[in-house]
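Asks:
Below is the structure:
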């Protein structure tokens, strides 16, 4: 994967894999699809946020760019009226075969086929960074379909303190402009995204960087092998799991790979 720094917009540009429906259909392992979806039915990440902001479980919640549908499944299991859309038609079809009761549809987050003021909540998990032309059309549709004071749960890979330091030191190849062959994603500047959403009528009510181990190992090669083993650990050893949990939290403060923003639609 080729990584470049675009100084004007304070973001990283990743190229080498085209973020297309065919790519995502092949990226998600459809062989063990049922298991991978059911494994997330009690997702602490999702449920902790929903219990804080939507405790009464009233109102529809959309996941735009739902992928395999595991978040939609988690919400459904826990009594939320959940809807998901994704442009990877093969993946959506396979999920519908396995879970026909889930409301998952083929769709485009830039042109949602829902009425205005239709959803109380909207999850966007690792989506906006994959659009080379930018995410303004996605933002407009988010605002349109959310009710007044509805919640947007938005995450994306962002310019952590570590990434900003590397950019300042000139440790990334410079992006010189023009088209990008096989564009994959941006790593966005968090403050820039916040200002963009606030200037379009959203209010920031919470933010949290996370995934510290990934953010550190991806940027500091000397620790990559050791941290990769910790990152990939699937065993039940409580000491190792505890160590991974602590490392992930501590490293997230200055090297988090992702940031979660919670915003309200102030119409």
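In my numbering, the protein residues as written are 817 to 1083.
Where a beta carbon is used, it is the ideal one built from N, C-alpha and C, also for glycine.
If you're wondering where the values come from, they're calculated on a predicted model, not measured in any experiment.
Assuming contact is defined by CB atoms lying nearer than 8 Å, are residue 878 and residue 899 in contact in what I supplied?
Replies: Numbered from 1 along the chain shown, position 62 holds the residue referred to as residue 878. Numbered from 1 along the chain shown, position 83 holds the residue referred to as residue 899. The answer is yes: Cβ separation under 8 Å.
Asks: Would you call the stretch 982-1000 and the stretch 961-972 touching, i.e. three or more CB-CB distances under 8 Å?
Replies: No contact exists between the stretch 982-1000 and the stretch 961-972.
Asks: Which runs of the alpha helix (DSSP H) at least 4 residues long sit entirely within the stretch 1048-1077? Give them in chain order.
Replies: List check, alpha helix (DSSP H) in window: 1054-1071.
Asks: Helix, strand or coil for residue 925, going by three-state DSSP, please let me know.
Replies: Locating residue 925 in the chain shown gives position 109, where the first residue counts as 1. In this structure, residue 925 counts as coil in the three-state DSSP scheme.
Asks: Check residue 1091 in the structure and name its three-state DSSP category.
Replies: Past the edges of the chain, shown from 817 to 1083, lies residue 1091, and the structure says nothing about it.
Asks: Going by the beta-carbon positions, is the gap between residue 920 and residue 961 smaller than 8 Å?
Replies: Looking up residue 920 in the chain shown gives position 104. Looking up residue 961 in the chain shown gives position 145. Not closer than 8 Å, so no.
Asks: With H, G and I counted as helix, E and B as strand and the rest as coil, what does DSSP make of residue 1080?
Replies: Reading the chain shown from its first residue, position 264 is the one you call residue 1080. Residue state, collapsed to three classes: strand.
Asks: Taking the alpha-carbon positions, what's the residue 905 to residue 884 distance?
Replies: As a working note, residue 905 is residue 89 in the chain shown. As a working note, residue 884 is residue 68 in the chain shown. Taking the straight line joining both Cα atoms gives about 11 Å.
Asks: Who are residue 766's beta bridge partners in DSSP?
Replies: The requested residue 766 does not occur in the structure, where the chain is confined to residues 817 to 1083.
Asks: Residues in the same chain with beta-carbon distance under 7 Å from residue 1030, minus the five sequence neighbours each way, listed in chain order, please.
Replies: Taking the chain shown and counting its residues from 1, one reaches residue 1030 at position 214. If we look at residue 1030 and ignore the five residues flanking it on each side, its Cβ neighbours are 1047, 1073.
Asks: Examine chain B for any beta-carbon lying closer than 8 Å to the beta-carbon of residue 875, and answer yes or no.
Replies: Looking at the structure shown, chain B is missing, and only one protein chain is on hand.
Asks: To the nearest angstrom, how far is it from the Cα of residue 992 to the Cα of residue 855?
Replies: For the purposes of this step, residue 992 is taken as residue 176 along the chain shown, with counting starting at 1. For the purposes of this step, residue 855 is taken as residue 39 along the chain shown, with counting starting at 1. Looking at the two C-alpha atoms, the distance is approximately 43 Å.
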